[in-house]
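Peer 1: One structure, as structure tokens, below. Some questions next.
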């Protein structure tokens, strides 16, 4: 039942906004995979544009590639952008940069690229934040919590896991 409700929510939200395409940062983790699968059901696989945004090591996209293959998203819709050339010059400005600040910069660079691709493709950015992350404050302001629509926002992480099983996503 939750799947149908969330798919209907996405369909209605996109229709009201006048959009038919979605851009999503796909890591292959459970949250981005579930958001992507819901978007595929709502808009159709041809209207989903996953962005794989690794830092340096492009082999870290294997899980995302598995999800894309499972969902049948066309290869021409996939963009892989290495964020390292964007992040490193910013980090180099401050030799005292800690891991948290560096991580926040990485997340914000990803969001810049997502919104640029959304504009290019006349699409909305589908977010991946769940209720547990939101309540714990486990997100980066103006980073991973920034999106046009958040289908998982009212679901606890445990519910997202159940939804992944319901959607038949690869583990």
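Numbering (this note's numbering), first residue to last: 48 to 218.
Ideal Cβ positions, reconstructed from N, Cα and C, are used throughout, including at glycine.
Near residue 126, which residues of its chain fall below 8 Å by C-beta distance, leaving aside the five closest residues on each side in sequence?
Peer 2: If the five residues before and after residue 126 are omitted, its C-beta is found closer than 8 Å to the C-beta atoms of 96, 97, 98, 99, 164, all from its own chain and listed in chain order.
Peer 1: Leaving out five residues on either side along the sequence, give the residues of the same chain with a beta carbon under 7 Å from the beta carbon of residue 86.
Peer 2: 57, 69, 71, 95, 173
Peer 1: Which two residues bound the contiguous beta strand (DSSP E) that contains residue 207?
Peer 2: Note, residue 207: premise wrong, no beta strand (DSSP E); alpha helix (DSSP H) at 204-213.
Peer 1: Give the straight-line distance between the Cα atoms of residue 64 and residue 135, rounded to the nearest whole angstrom.
Peer 2: The alpha-carbon separation between residue 64 and residue 135 amounts to approximately 36 Å.
Peer 1: Based on DSSP bridge pairs, tell me the residues matched to residue 143.
Peer 2: Bridge partners of residue 143: none, in fact.
Peer 1: Expressed to the nearest angstrom, what Euclidean distance is found between the alpha-carbon atoms of residue 183 and residue 208?
Peer 2: 18 Å
Peer 1: With H, G and I counted as helix, E and B as strand and the rest as coil, what does DSSP make of residue 198?
Peer 2: coil
Peer 1: Would DSSP call residue 132 helix, strand or coil?
Peer 2: Under the three-state reduction of DSSP, residue 132 is assigned to helix.
Peer 1: With three or more C-beta pairs closer than 8 Å as the rule, is the stretch 75-90 touching the stretch 115-124?
Peer 2: yes
Peer 1: Which residue's Cα is closest to the Cα of residue 218: 195, 77, 189?
Peer 2: 77
Peer 1: I'd like to know whether the C-beta atoms of residue 153 and residue 128 end up nearer to each other than 8 Å.
Peer 2: Against a cut-off of 8 Å, the Cβ pair of residue 128 and residue 153 comes out as no contact.
Peer 1: Grab me the residues of residue 193's own chain with a C-beta within less than 7 Å of its C-beta, minus the 5 sequence neighbours each way, in chain order.
Peer 2: 158
Peer 1: According to DSSP, simplified to helix, strand and coil, what is residue 57?
Peer 2: helix
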